[in-house]
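Residue numbers (my numbering): 21 to 350. All C-beta atoms in this analysis are idealised placements derived from N, C-alpha and C, irrespective of residue type, glycine included. Just so you know, these numbers come straight off a predicted model, no measurement behind them. Notes for the one structure printed next.
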Ligand code: BTN
């Protein structure tokens, strides 16, 4: 992959404990002082505050919550997942864009990010709200060597990775409402929409679209009761790129484990530890036969195990039904 000098400069500036000298950067990249100066100016134009002190070099002043290809690439610590980033300030839907890019043949693990979506898609044909400057809208593109029937498990892998990424980046413990909504204090923080293009026995590509509510101060009236953001729950305004990189790192680890076994067995324990429904009474909204029971956990393939009052255990597939708490969304 061609080196992104702007991203690498950002990484070096962020990780440096002191100023970085122009001389060091020249030698690091094998380019001239003028070229370094140009990179710094471009970064400043993008909104970074970079201080240049004579004889001491450059220093990044503060960490603004900027999204962008350079910012994201500068934070990635993965091998494949999220190494190639496409970014736009505004797009219809990152899922739709990722599908267009898949048709063009961009690499496996490509991450598509937008600051805002004007036609964001939710599950079951609903729309998804992605306000500019405060939310995360991202889609990961994969070309997995997998039977199409196994693709829904990737949504669960991403759900767990979101919870782990948020914990690693911020130290905030969120939970999962089966199958894959990340929740905090009973309200929804993140939704995932996975779509795929497949033949009967072969997946052309899968796009896993993730929306995370980060720095929103409030929500539209219609969703105020069920939606929340990290800012609302923790009182902290946080850096979105840091969360994205941490989610990609967690996903890469989990995806490796998933590829080894072809199921979720390696993640089952971690998943059940954060499953908000575990040992809780749930209502299974099966259109044919709704019922109530206690959620016990998941199977190695991601079905929710629910014990009915008569003691029998049902395994619920995520595509077919929704599950609610008895008195609220969770
Ligand atoms: C849900 O209904 O819970 C799923 C919401 C998924 C939203 C994300 S935001 C990024 C990606 N692009 C979309 O259009 N949708 C997903």
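Which of the three DSSP states, helix, strand or coil, is assigned to residue 43?
Counting from 1 along the chain shown, the entry for residue 43 is found at position 23. Of the three classes helix, strand and coil, the one that applies to residue 43 here is helix, per DSSP.
Cβ-heavy atom distance between residue 145 and the ligand BTN below 6 Å?
Stepping through the chain shown from its first residue, residue 145 is reached at position 125. Result no, Cβ not under 6 Å from the ligand BTN.
Rounded to a whole number of angstroms, what is the C-alpha to C-alpha distance between residue 21 and residue 105?
The residue you call residue 21 lines up with position 1 of the chain shown. The residue you call residue 105 lines up with position 85 of the chain shown. Interpretation of residue 21 is limited by its pLDDT of 44, a score under 50 that renders its predicted location unreliable; no figure is taken from the coordinates.
Looking at residue 92 and residue 320, is the spacing between their C-beta atoms short of 7 Å?
Here residue 320 corresponds to residue number 300 of the chain shown, with the count starting at 1. Here residue 92 corresponds to residue number 72 of the chain shown, with the count starting at 1. For residue 320 and residue 92, no; Cβs fall outside 7 Å.
Tell me, please, whether the stretch 115-125 touches the stretch 291-298 by the rule of three or more beta-carbon pairs shorter than 8 Å.
no
According to the neighbour-count rule (16 or more other Cβ atoms, all chains shown, within 10 Å of its Cβ), is residue 305 buried or exposed?
As a working note, residue 305 is residue 285 in the chain shown. By the 10 Å Cβ count, residue 305 comes out exposed.
Taking just the CA atoms, how far does residue 141 sit from residue 332?
Counting from one through the chain shown, the residue named residue 332 turns up at place 312. Counting from one through the chain shown, the residue named residue 141 turns up at place 121. Computed Cα separation, rounded: 36 Å.
The alpha helix (DSSP H) enclosing residue 259, as first and last residue numbers:
Locating residue 259 in the chain shown gives position 239, counting from the first residue. It is not in any alpha helix (DSSP H) - residue 259 carries neither H nor E in the DSSP assignment.
Alpha helix (DSSP H) segment containing residue 86, residue limits
Here residue 86 refers to the residue found at position 66 of the chain shown. From DSSP, residue 86 is part of no alpha helix (DSSP H); its letter is neither H nor E.
Just to confirm, are residue 157 and residue 150 a CB contact at a threshold of 7 Å?
Sequence index remark: in the chain shown, residue 157 carries index 137 (1-based). Sequence index remark: in the chain shown, residue 150 carries index 130 (1-based). Yes, they are a contact pair.
Residue range of the beta strand (DSSP E) that includes residue 305:
As a first step, residue 305 is located in the chain shown; it is residue number 285 there, counting from the start. That run of the beta strand (DSSP E) goes 301-305.
From 268, 29, 310 and 201, residue whose alpha carbon lies closest to that of residue 133:
For the purposes of this step, residue 133 is taken as residue 113 along the chain shown, with counting starting at 1. Nearest C-alpha to residue 133: 268.
What are the complete beta strand (DSSP E) segments, minimum 3 residues, inside the stretch 143-222?
155-162, 195-197, 201-204 and 207-219
What would DSSP say about residue 295, mapped onto helix, strand or coil?
Within the chain shown, residue 295 is the residue found at index 275, counting from 1. In the structure shown, residue 295 sits in a strand (DSSP, three-state: E or B).
Note down, one range per segment and in chain order, each alpha helix (DSSP H) of at least 4 residues found wholly within the stretch 47-79.
53-65
Taking Cβ to Cβ, would you say residue 114 is nearer than 7 Å to residue 154?
Taking the first residue of the chain shown as 1, we reach residue 114 at position 94. Taking the first residue of the chain shown as 1, we reach residue 154 at position 134. No, these two residues do not count as a Cβ contact at 7 Å.
Terminal residues of the continuous beta strand (DSSP E) containing residue 124?
Within the chain shown, the letter at position 104 stands for residue 124. That residue, residue 124, is in no beta strand (DSSP E); its alpha helix (DSSP H) goes 114-124.
Segment limits, beta strand (DSSP E) that includes residue 109
Residue 109 sits at position 89 when you count from the first residue of the chain shown. First-last of the beta strand (DSSP E) with residue 109: 105-111.
Between the alpha carbons of residue 316 and residue 292, how many angstroms are there, rounded?
For this step, residue 316 is matched to residue 296 along the chain shown. For this step, residue 292 is matched to residue 272 along the chain shown. Looking at the two C-alpha atoms, the distance is approximately 9 Å.
In angstroms, rounded to a whole number, what distance separates the CA positions of residue 99 and residue 279?
As a position in the chain shown, residue 99 is number 79, starting the count at 1. As a position in the chain shown, residue 279 is number 259, starting the count at 1. One C-alpha to the other measures close to 15 Å.
According to DSSP, what are the bridge partners of residue 131?
The count along the chain shown starts at 1 and reaches residue 131 at position 111. Residue 131 pairs with 105 and 160.
Along the chain, where does the beta strand (DSSP E) containing residue 4 start, and where does it finish?
For residue 4 there is no data in the structure shown, the boundaries of the chain being 21 and 350.
Leaving out five residues on either side along the sequence, give the residues of the same chain with a beta carbon under 7 Å from the beta carbon of residue 213.
Indexing the chain shown from 1 puts residue 213 at position 193. Only 115, 141, 142, 143 and 229 meet the Cβ criterion.
Compute the beta-carbon to beta-carbon distance between residue 233 and residue 247, rounded to the nearest angstrom, for a pair I have assumed lies under 8 Å.
Looking up residue 233 in the chain shown gives position 213. Looking up residue 247 in the chain shown gives position 227. Their Cβ separation, rounded to whole angstroms, is 6 Å, which keeps residue 233 and residue 247 in contact under 8 Å.
In whole angstroms, what is the alpha-carbon distance linking residue 168 and residue 223?
Taking the first residue of the chain shown as 1, we reach residue 168 at position 148. Taking the first residue of the chain shown as 1, we reach residue 223 at position 203. Cα to Cα, the separation comes out at about 6 Å.
Neighbour-count burial assignment, residue 263, 16 or more Cβ in a 10 Å radius:
Here residue 263 refers to the residue found at position 243 of the chain shown. Buried, by the Cβ-count rule.
Around the Cβ of residue 139, are there at least 16 other Cβ atoms within 10 angstroms (buried) or fewer (exposed)?
Here residue 139 refers to the residue found at position 119 when the chain shown is read from its first residue. Per the 10 Å Cβ criterion, exposed.
Any non-hydrogen atom of the ligand BTN closer than 6 Å to residue 175 Cβ:
For the purposes of this step, residue 175 is identified with residue 155 of the chain shown, where counting begins at 1. Outside the cutoff, so no.
From residue 165 to residue 96, what does the alpha carbon distance come to, in whole angstroms?
Counted from its first residue, the chain shown places residue 165 at position 145. Counted from its first residue, the chain shown places residue 96 at position 76. Their backbone Cα atoms lie some 24 Å apart in a straight line.
Any heavy atom of the ligand BTN closer than 6 Å to the Cβ of residue 338?
Taking the first residue of the chain shown as 1, we reach residue 338 at position 318. Every heavy atom of the ligand BTN is 6 Å or more from the Cβ of residue 338, so no.
In whole angstroms, give me the CA-to-CA distance for residue 64 and residue 257.
Along the chain shown, read from residue 1 onward, the residue named residue 64 stands at position 44. Along the chain shown, read from residue 1 onward, the residue named residue 257 stands at position 237. Between residue 64 and residue 257, the C-alpha separation is close to 22 Å.
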